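In terms of this note's numbering, the sequence shown is residues 94 to 346.
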Amino acid sequence: MEKNKNLLIDTCLLAGKIMMESGSEVYRVEDTMNRIAENANETDSKSYVTATGIFMGLKSSHSTQIENVGERNINLEKVEAVNQLSREFAEKSVNLTTLYQQLKKIDKNTPEFPLSIQILSAAFLSAFLMILFGGSWLNFIPTLLIGGVGYSAKHLIKQSFDLRFFDTFLASLVIGLLAFAFTQTNLAVSFDYMCIGAVMPLVPGVAITASLRDTLAGHLVSGLVRGTEAIIVAAAIAIGIACVLSIFGGILT
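Laid out in structure tokens, this is it:
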């Protein structure tokens with residue numbers, strides 16, 4: 094019996110860890126963990142989730158376990174995969190052991206779109222948002238290329254350097270330099286609009302939204318942590334563009 098309870102706690106903690114590291118809101122994580130416990134006939138479970146750690150306990154076992162939350166990013170595919178497994182467990186389609194094994198697979202084998210699709214999406218997103226913000230169609234192709242290269246640079250830098258926010262700073266610096274190069278060669282007509290469009294895939298929009306939702310739901314610690322992370326990312330983007338402006342601002346004006 095005690096072994097089953099330990100397995101249940103491990104399963105709940107793993108599900109919560111995957112969801113938190115993938116950008117889910119705190120209230121949704123707690124709800125999923127408690128539902129898994131309830132569907133395993135443990136109706137009196139307690140979970141406490143923050144942006145950096147997850148606590149889970151069952152009153153019937155008089156013990157609590159903690160799971161550390163590592164690097165946080167946005168991967169809604171993983172969140173949906175965990176929710177789907179939780180629903181299958183509620184419907185008795187899978188048992189607790191199978192649920193735990195499937196969660197381990199999701200944790201290790203990240204379901205996500207191929208990198209080429211991500212880069213292509215970032216490129217077109219940059220170009221169309223540049224138009225939406227009032228830019229000229231003459232900047233469409235340059236912004237498309239800059240957005241794609243900027244997103245690629247962020248991915249490559251992140252793989253090479255284990256330093257948070259540094260990849261965002263260098264990616265925005267690359268975007269600024271490319272926008273400057275296009276304007277100076279008369280291949281584009283607006284440095285400002287190209288930068289605005291190209292940095293949009295780097296902006297932590299989901300993190301800001303999750304921070305506000307956590308705060309409004311009463312999870313002040315997690316809301317503050319996520320909000321601080323989003324502010325630092327936004328500052329890294331701004332500093333990268335500001336570096337280009339500080340060096341080449343006289344030429345642009």
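Here a beta-carbon is modelled for each residue, glycine too, at the ideal position from N, C-alpha and C.
Just so you know, these numbers come straight off a predicted model, no measurement behind them.
Just confirm the distance between the C-beta atoms of residue i and residue j, as a whole number of angstroms; I'd bet it's less than 8 Å.
i, j, result
"Ser-153", "Asp-137", "7 Å"
"Ala-108", "Met-126", "6 Å"
"Ala-133", "Leu-189", "6 Å"
"Asp-103", "Tyr-193", "7 Å"
"Ala-303", "Glu-118", "5 Å"
Assign residue i to one of three DSSP states: helix, strand, or coil.
i, result
"Thr-157", "strand"
"Ile-167", "coil"
"Gly-320", "helix"
"Lys-152", "coil"
"Gly-243", "helix"
"Gly-269", "helix"
"Gly-333", "helix"
"Gly-360", "With the chain running from 94 to 346 in the structure shown, residue 360 is simply not present."
Which residues bound the alpha helix (DSSP H) around residue i?
i, result
"Gly-298", "298–309"
"Glu-131", "119–132"
"Thr-190", "189–201"
"Val-292", "284–292"
Tell me the rounded alpha-carbon separation between residue i and residue j.
i, j, result
"Ala-274", "Asp-307", "41 Å"
"Arg-180", "Ile-234", "44 Å"
"Val-113", "Ile-212", "In the sequence on display, residue 113 carries Met and not Val. Their backbone Cα atoms lie some 24 Å apart in a straight line."
Following the continuous beta strand (DSSP E) through residue i, name the residue where it begins and the one where it ends.
i, result
"Ser-229", "Ser-229 -> no beta strand (DSSP E), and no H or E assigned at all."
"Lys-139", "138–142"
Closest by CA to residue i, which one among the options?
i, options, result
"Gly-333", "Val-314, Leu-225, Leu-263", "Leu-263"
"Pro-294", "Asn-97, Ala-220, Lys-198", "Ala-220"
"Ile-340", "Gly-240, Leu-266, Ala-300", "Leu-266"
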